[in-house]
Amino acid sequence: MADQLYLSYWLERFREQNMLRRYEKLLRTFPFSRLSTQGSVLRIYAVDQTLPPVFERIFEPPVDPGSVISSAGEFLNADTALELESQWDLWQPDDKGEWKLSPSRASLICYGPEFTHELDENIRIEFGMDANFLPQPELPNHLRMAQSNIRSLLKLTHDLDDALGGERRLWSESGENFAEKLQRIIAGE
Numbered sequence: 002m003a004d005q006l007y008l009s010y011w012l013e014r015f016r017e018q019n020m021l022r023r024y025e026k027l028l029r030t031f032p033f034s035r036l037s038t039q040g041s042v043l044r045i046y047a048v049d050q051t052l053p054p055v056f057e058r059i060f061e062p063p064v065d066p067g068s069v070i071s072s073a074g075e076f077l078n079a080d081t082a083l084e085l086e087s088q089w090d091l092w093q094p095d096d097k098g099e100w101k102l103s104p105s106r107a108s109l110i111c112y113g114p115e116f117t118h119e120l121d122e123n124i125r126i127e128f129g130m131d132a133n134f135l136p137q138p139e140l141p142n143h144l145r146m147a148q149s150n151i152r153s154l155l156k157l158t159h160d161l162d163d164a165l166g167g168e169r170r171l172w173s174e175s176g177e178n179f180a181e182k183l184q185r186i187i188a189g190e
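Basically our numbering = 1-based index in the sequence shown + 1.
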């Protein structure tokens, strides 16, 4: 069964004063889709993500991290969360089962140090369904395409490690370690 896939970071000395700078590093490192014609949406939440956003703005492609940060700075507080819903390019099967490089949804979130959320991480990326990174034996070339998507994920993780530092965890909605899940699938378990 497919789960949502997440990458979380817990950053040292993270506070309101450096929150935007850390988020900007994330935005400047993330490989935004070159194929998407859809705008990216910045939402700013106060106190809790179950409440309606206090700010929302659409940014037409290509995403300009400086413009996003400038807009976010107007609402910055220790109890806010910044979320940019955007896309990056991954290999995905179309309706005919043929693989195409296509925009895939990703949400880039920065949680203020006093924002209420479940894991208390500072940065989270929501990648959508983990199936984009897992072999799909019913489709032709599934291993090669899954490997390509995994390489993209690993490169992003490496680049973010260099840009952000801190402790990270790649995990799925079920709470399972994604690397272990992938190893089991490859081993045929």
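Ideal Cβ positions, reconstructed from N, Cα and C, are used throughout, including at glycine.
Buried or exposed for residue i, please, with buried defined as at least 16 other CB atoms from any protein chain shown within 10 angstroms of its CB.
i    : result
L155 : exposed
E13  : exposed
K101 : exposed
N150 : buried
K97  : exposed
I124 : buried
D163 : exposed
E139 : exposed
S37  : buried
A180 : exposed
A107 : buried
Put residue i into one of helix, strand or coil per three-state DSSP.
i    : result
L155 : helix
V42  : strand
N150 : helix
N78  : coil
R16  : coil
L91  : strand
P66  : helix
R125 : strand
If you compare alpha carbons, which of the options is closest to residue i?
i    : options              : result
F15  : G98, G166, V42       : G166
P114 : E181, A82, Q39       : A82
R35  : F179, V64, R145      : V64
S72  : R58, A180, K26, N142 : R58
E86  : N78, D95, E75, F60   : F60
K26  : Q93, L109, S103, L43 : L109
Y10  : L171, E119, S153     : L171
D95  : G67, P66, N133       : N133
Between residue i and residue j, what straight-line distance do the alpha-carbon atoms span, to the nearest angstrom?
i    : j    : result
S105 : L91  : 6 angstroms
Y24  : D131 : 24 angstroms
C111 : L157 : 17 angstroms
S103 : D160 : 22 angstroms
Q93  : L21  : 33 angstroms
P32  : W89  : 6 angstroms
A79  : S41  : 24 angstroms
H143 : A47  : 42 angstroms
F128 : M146 : 16 angstroms
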